[in-house]
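*Asks:*
There are 2 protein chains.
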Amino acid sequence: MPLQEAMQTQRAIRRLKPDPVDDEVLLRCIELALKAPTGSNAQNWAWIVVRDPEVKRKLARFYRQAWSIYGSLGRRRVGSDAKMLRVIDAVQWQVDHFEEVPVLVVPCLRGLAPRFFSVFPTGGSSHYGSIYPAIQNFLLACRAEGLGAALTTLPLWSVFQARRALGLPLNVQPCAVIPVGWPKGRYGPTTRKPVEKVVHYDRWGNRKPKA
Amino acid sequence: MPLQEAMQTQRAIRRLKPDPVDDEVLLRCIELALKAPTGSNAQNWAWIVVRDPEVKRKLARFYRQAWSIYGSLGRRRVGSDAKMLRVIDAVQWQVDHFEEVPVLVVPCLRGLAPRFFSVFPTGGSSHYGSIYPAIQNFLLACRAEGLGAALTTLPLWSVFQARRALGLPLNVQPCAVIPVGWPKGRYGPTTRKPVEKVVHYDRWGNRKPKA
Numbered sequence: 523m524p525l526q527e528a529m530q531t532q533r534a535i536r537r538l539k540p541d542p543v544d545d546e547v548l549l550r551c552i553e554l555a556l557k558a559p560t561g562s563n564a565q566n567w568a569w570i571v572v573r574d575p576e577v578k579r580k581l582a583r584f585y586r587q588a589w590s591i592y593g594s595l596g597r598r599r600v601g602s603d604a605k606m607l608r609v610i611d612a613v614q615w616q617v618d619h620f621e622e623v624p625v626l627v628v629p630c631l632r633g634l635a636p637r638f639f640s641v642f643p644t645g646g647s648s649h650y651g652s653i654y655p656a657i658q659n660f661l662l663a664c665r666a667e668g669l670g671a672a673l674t675t676l677p678l679w680s681v682f683q684a685r686r687a688l689g690l691p692l693n694v695q696p697c698a699v700i701p702v703g704w705p706k707g708r709y710g711p712t713t714r715k716p717v718e719k720v721v722h723y724d725r726w727g728n729r730k731p732k733a
Numbered sequence: 523m524p525l526q527e528a529m530q531t532q533r534a535i536r537r538l539k540p541d542p543v544d545d546e547v548l549l550r551c552i553e554l555a556l557k558a559p560t561g562s563n564a565q566n567w568a569w570i571v572v573r574d575p576e577v578k579r580k581l582a583r584f585y586r587q588a589w590s591i592y593g594s595l596g597r598r599r600v601g602s603d604a605k606m607l608r609v610i611d612a613v614q615w616q617v618d619h620f621e622e623v624p625v626l627v628v629p630c631l632r633g634l635a636p637r638f639f640s641v642f643p644t645g646g647s648s649h650y651g652s653i654y655p656a657i658q659n660f661l662l663a664c665r666a667e668g669l670g671a672a673l674t675t676l677p678l679w680s681v682f683q684a685r686r687a688l689g690l691p692l693n694v695q696p697c698a699v700i701p702v703g704w705p706k707g708r709y710g711p712t713t714r715k716p717v718e719k720v721v722h723y724d725r726w727g728n729r730k731p732k733a
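Structure representation (C-alpha cells):
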C-alpha cells in the first residue's frame, strides 16, 4: 500500500470481529514498528502480545474502571456533537467487548521510569519519543494489512495493576494497549484541521512565510 | 512510495545540503503528519516552521550547550563501537552546521503542561502520544519525498529559553526539533534487534505463544 494512502485512511477501528489474528501477520507489523527511531538508538522496547483470556479479562476490568469516569465526563462534554458521540459509542462498544478482541498489543519501554526524566523538561518527550514513533508505525502497518487497531491508554490508568497483570518488572513501563483484530467496519478518510491553521512561521503567530 | 519501503529505509539523515526546501513539499509532509491520531481527537498541535536565521541561531546555541555535555558523555560511553561512533560524528556534524540547515520544524502540543499530567501515571503517555504519532508520520513523509530529517530534543533542554526564542505562549509546549533538508547522504536499510527478542506472549518472559 502506498504510504500516503495508508496515512490518509488510517483511523481508530474499535469494532472488531472475534476471529483470530495469526502471529505471522502480527509479527510483520511489529517488525515494521521496530524500524522507527528511538532516543540514542537504544531500541529499549518490549512488546507484549496478549491472547490469554485471563490477562485480557484483567485489562478489560481496568479499562471499565477508568471509562466509567472518563466516559461519562466525555458524554457530558461533547453534548450533542453527533460526530464525537459516534466516537464515544465506538469506545463504549470497545469497552463492552474488550475480552472478545482477539489480540491486545502492549508496547512497553524498558529503562528508567519517566518520573526520573521529569527532572529535565525534555526528558518526558525523549522518553515517550522512543515508543510512539514505533506505535505509529505499528498502526500504519496494521492499516496496510487490513487489520483494525486503535490506541488506548485508559486500561493502564493504574500502572501498578497493569504491571502485575502482565508480570512486568519494575523497570518496564507499559505505554499503551492496542486492541487488534479484523474490522467489522471499514477504514476511510479522516477529517483534520487544515494545515494552514496549525502552521506558524519562524515565531508563534506568524501565519505566513516571510516573502 | 510503498509504506513498507518507507519504513524499512527510514533513518535519521543529519548531513543536509543548505539548498532551500519549498513550503509546498514541506506542508505536504505536515498535512500527512496531521492524519495521525491524537488523544480524544483533540488535534491540539502546532507546527513551527523556522527559516529565520536569527531563530535558527538561537536554537543552534541551545543545541550546542546540551551537546557539549551529552556528546562527550556519549563518546565516553560508546568507547570503540564503530557504528555508534559514526552516529556521534553525524550528530556532531549536525550540531556544527545547525544554522545552515534550510528548515527546522518544531512540533508543539497546546494545552496543559505535562507536569499536570504527571499526577496520573498514564498522563505522560497520553500527552506525548498526541504528538509523536504525527512526528513519525512527518518523518516517513519526508522519507517518501526524499527529504532528510532527524528527530532531536536536545535543542529544547531549556524549554524556557526555547519558548522565548519561538515566541510560544506558556500553554504551548515544544516537543522536538526536526532539521529538514535535502540529504547529502542517502537513505538505506537499518538494522534492528530481531522481533523474537522483543516480543513476549501474554506475560513478561514467555517467549513463545501458547500452542
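So the protein lines, in turn, are chains A and B. Just so you know, the first sequence maps onto residues 523 to 733 in our numbering. Just so you know, the second sequence maps onto residues 523 to 733 in our numbering. C-beta atoms are modelled at their ideal positions from N, C-alpha and C, and glycine is treated no differently.
1. Keeping to the same chain, check which residues put their C-beta closer than 7 Å to that of Val694(B); ignore five residues upstream and five downstream.
2. Kindly say whether Lys580(A), judged by its beta-carbon, lies nearer than 8 Å to any beta-carbon of chain B.
3. Apart from the five residues on each side of it in sequence, which residues of its chain come closer than 7 Å, Cβ to Cβ, to Val600(A)?
4. Here's the rule: buried if 16 or more other CB atoms are within 10 angstroms of the residue's CB, otherwise exposed. What is Thr713(B)?
5. Between Ile653(B) and Gly727(B), what straight-line distance do the alpha-carbon atoms span, to the nearest angstrom?
6. Nearest-angstrom Cα distance between Arg550(B) and Ala564(B)?
7. Following the continuous beta strand (DSSP E) through Arg708(B), name the residue where it begins and the one where it ends.
8. Since Ile516(B) contacts Leu673(B) with CB under 8 Å, what's their CB separation in whole angstroms?
9. Residues in the same chain with beta-carbon distance under 8 Å from Asp541(B), minus the five sequence neighbours each way, listed in chain order, please.
10. Let me know the secondary structure DSSP gives Arg637(B) once reduced to three states.
11. With a threshold of 8 Å between beta carbons, is Gln587(A) in contact with chain B?
12. Kindly list the residues whose CB is nearer than 7 Å to the CB of Gln683(A), restricted to its own chain and excluding five residues on each side of it in sequence; keep chain order.
13. Can you have a look at Val721(A) and say buried or exposed, based on whether 16 or more other CB atoms are within 10 angstroms of its CB?
14. How long is the line joining the alpha carbons of Leu676(B) and Pro691(A), rounded to whole angstroms?
15. Quick one: which chain A residues come within Cβ less than 7 Å of Asp724(B)?
16. What separation, rounded to the nearest whole angstrom, lies between the Cα atoms of Glu718(A) and Arg579(B)?
17. I'd like to check one pair, Ala604(B) with Ser647(A): are the Cβ atoms closer than 8 Å?
18. Can you tell me the Cα-Cα spacing of Val641(A) and Val681(A), whole angstroms?
19. Would Ala733(A) be called buried (16 or more neighbouring beta carbons within 10 Å of its own) or exposed?
20. Verify whether the separation of the beta carbon atoms of Phe660(A) and Ile552(A) is less than 8 Å.
21. Would you kindly check if the distance between the Cβ of Leu548(B) and the Cβ of Val577(B) is under 8 Å?
22. Return the Cβ separation of Lys557(A) and Gln530(B) in integer angstroms, given the expectation that the two are a contact with Cβ distance under 8 Å.
23. Assuming Cys630(A) is part of the beta strand (DSSP E), what are its boundary residues?
24. Take the Cβ of Leu554(A) as the centre, count every other Cβ of all protein chains shown within 10 Å, and call the residue buried at 16 or more, exposed below.
25. Out of Gly668(B), Pro559(B), Ala656(B), which one is the CA nearest neighbour of Val628(B)?
26. Please classify Arg729(A): is it buried, with 16 or more other beta-carbons within 10 angstroms of its beta-carbon, or exposed?
27. By the criterion of Cβ-Cβ separation under 9 Å, what are the contact partners of Gln616(A) in chain B?
28. Could you tell me which residues DSSP pairs with Arg723(A) in its beta bridges?
29. Per DSSP, Gly703(A) forms a beta bridge with which residues?
30. The alpha helix (DSSP H) spanning Gln683(A) covers which residue range?
31. What would DSSP say about Val694(A), mapped onto helix, strand or coil?
32. Helix, strand or coil: how does DSSP classify Leu556(B) here?
33. Mind checking who Leu538(A) pairs with in its DSSP beta bridge?
34. Check the Cβ-Cβ distances between Pro691(A) and every residue of chain B, and say whether any is below 8 Å.
35. Please identify, using Cβ separations under 8 Å, the residues of the segment 593-623 of chain B that lie next to chain A, in order along the chain.
36. Quick check: the Cα distance between Pro711(B) and Gln532(B), rounded to an integer number of angstroms?
*Replies:* Let me lay it out:
1. Your numbering for residue 694(B) matches position 172 in the second sequence. Non-local beta-carbon contacts of Val694(B) in its own chain, meaning distances under 7 Å to residues more than five positions away in sequence, involve Ala568, Cys630, Arg632 in chain order.
2. Start at 1 with the first residue of the first sequence, and residue 580(A) comes out as number 58. Taking a beta-carbon distance threshold of 8 Å, Lys580(A) does not count as an interface residue toward chain B.
3. Residue 600(A) sits at position 78 when you count from the first residue of the first sequence. Taken in chain order, the residues that qualify are Met606, Leu607, Ile610.
4. Along the second sequence, read from residue 1 onward, the residue named residue 713(B) stands at position 191. Of the residues assessed, Thr713(B) falls on the exposed side of the cut-off, its CB having fewer than 16 other CB atoms within 10 angstroms.
5. Along the second sequence, one-based indexing puts residue 653(B) at 131. Along the second sequence, one-based indexing puts residue 727(B) at 205. If you take the alpha carbons of Ile653(B) and Gly727(B), they lie about 31 Å apart.
6. Stepping through the second sequence from its first residue, residue 550(B) is reached at position 28. Stepping through the second sequence from its first residue, residue 564(B) is reached at position 42. One alpha carbon belongs to Arg550(B), the other to Ala564(B), and they sit about 21 Å apart.
7. Taking the second sequence and counting its residues from 1, one reaches residue 708(B) at position 186. Boundaries for Arg708(B): no beta strand (DSSP E) harbours it, and the DSSP string shows neither H nor E there.
8. In the structure as shown, chain B begins at 523 and stops at 733. Residue 516(B) is therefore absent and cannot be evaluated.
9. Against the second sequence, residue 541(B) aligns to sequence position 19. Pro624, Gly703, Trp704, listed in sequence order.
10. Against the second sequence, residue 637(B) aligns to sequence position 115. With a pLDDT of only 49 at Arg637(B), under the threshold of 50, the placement of this residue in the model should not be trusted, and no figure is reported.
11. By one-based count along the first sequence, residue 587(A) stands at place 65. Taking 8 Å as the CB threshold, Gln587(A) stays off the interface with chain B.
12. Locating residue 683(A) in the first sequence gives position 161, counting from the first residue. By the criterion of a C-beta distance shorter than 7 Å, Gln683(A) is surrounded in its chain by Phe584, once the five residues flanking it on both sides are discounted.
13. In the first sequence, residue 721(A) corresponds to position 199, counting from 1. The residue in question, Val721(A), is buried, as its Cβ has 16 or more Cβ neighbours within 10 Å.
14. Sequence index remark: in the second sequence, residue 676(B) carries index 154 (1-based). Sequence index remark: in the first sequence, residue 691(A) carries index 169 (1-based). A direct Cα-Cα distance of roughly 29 Å separates Leu676(B) from Pro691(A).
15. Within the second sequence, residue 724(B) is the residue found at index 202, counting from 1. Those within 7 Å of Asp724(B) in chain A are Val572, Arg573, Asp574, Val577.
16. Working through the first sequence from its first residue, we reach residue 718(A) at position 196. Working through the second sequence from its first residue, we reach residue 579(B) at position 57. Glu718(A) and Arg579(B) have their C-alpha atoms spaced approximately 25 Å apart.
17. Start at 1 with the first residue of the first sequence, and residue 647(A) comes out as number 125. Start at 1 with the first residue of the second sequence, and residue 604(B) comes out as number 82. At a Cβ-Cβ threshold of 8 Å, Ser647(A) and Ala604(B) do not count as neighbours.
18. Within the first sequence, numbered from 1, the residue matching residue 641(A) stands at position 119. Within the first sequence, numbered from 1, the residue matching residue 681(A) stands at position 159. With a pLDDT of only 48 at Val641(A), under the threshold of 50, the placement of this residue in the model should not be trusted, and no figure is reported.
19. Here residue 733(A) refers to the residue found at position 211 when the first sequence is read from its first residue. By the 16-neighbour rule on beta-carbons within 10 angstroms, Ala733(A) is exposed.
20. Taking the first residue of the first sequence as 1, we reach residue 660(A) at position 138. Taking the first residue of the first sequence as 1, we reach residue 552(A) at position 30. Yes, the pair counts as a contact, with Cβ atoms nearer than the cut-off.
21. Residue 577(B) sits at position 55 when you count from the first residue of the second sequence. Residue 548(B) sits at position 26 when you count from the first residue of the second sequence. Taking 8 Å as the cut-off, the beta carbon of Val577(B) is found no closer than this to the beta carbon of Leu548(B).
22. Within the first sequence, the letter at position 35 stands for residue 557(A). Within the second sequence, the letter at position 8 stands for residue 530(B). Their Cβ separation, rounded to whole angstroms, is 6 Å, which keeps Lys557(A) and Gln530(B) in contact under 8 Å.
23. If you number the first sequence from 1, residue 630(A) lands on position 108. In the DSSP assignment, Cys630(A) falls within the beta strand (DSSP E) that extends over 625-632.
24. Residue mapping note: residue 554(A) aligns to position 32 of the first sequence, counting from 1. By the Cβ-count criterion, Leu554(A) is buried, with 16 or more other Cβ atoms from all chains shown falling within 10 Å of its own Cβ.
25. Here residue 628(B) corresponds to residue number 106 of the second sequence, with the count starting at 1. Checked all of Gly668(B), Pro559(B), Ala656(B); the closest Cα to Val628(B) is Ala656(B).
26. Locating residue 729(A) in the first sequence gives position 207, counting from the first residue. Arg729(A) counts as exposed, since fewer than 16 other beta carbons sit within 10 angstroms of its beta carbon.
27. Residue mapping note: residue 616(A) aligns to position 94 of the first sequence, counting from 1. What Gln616(A) touches in chain B: nothing, since even the nearest Cβ is about 14 Å away.
28. Position 201 of the first sequence, counted from the start, is the residue given in the question as residue 723(A). This sequence places Tyr at residue 723(A); Arg is not what is there. DSSP lists Val571(B) as the beta-bridge partner residues of Tyr723(A).
29. Within the first sequence, the letter at position 181 stands for residue 703(A). Here Gly703(A) is bridged, per DSSP, to Gly670(A).
30. Reading the first sequence from its first residue, position 161 is the one you call residue 683(A). Note, Gln683(A): alpha helix (DSSP H), 681-688.
31. Here the question's residue 694(A) lines up with position 172 in the first sequence. For Val694(A), the three-state secondary structure derived from DSSP is strand.
32. Numbered from 1 along the second sequence, position 34 holds the residue referred to as residue 556(B). Correct three-state label for Leu556(B): coil.
33. Residue 538(A) sits at position 16 when you count from the first residue of the first sequence. The bridge partners DSSP lists for Leu538(A) are Pro705(A).
34. On the first sequence, residue 691(A) is found 169 positions in, with the first residue counted as 1. Chain B, which has a Cβ nearer than 8 Å to the Cβ of Pro691(A), makes this yes.
35. Those residues of the segment 593-623 of chain B that come within reach of chain A (Cβ to Cβ, closer than 8 Å) are Gly596, Met606, Val609.
36. If you number the second sequence from 1, residue 711(B) lands on position 189. If you number the second sequence from 1, residue 532(B) lands on position 10. Rounded to whole angstroms, Pro711(B) and Gln532(B) show a C-alpha spacing of 7 Å.
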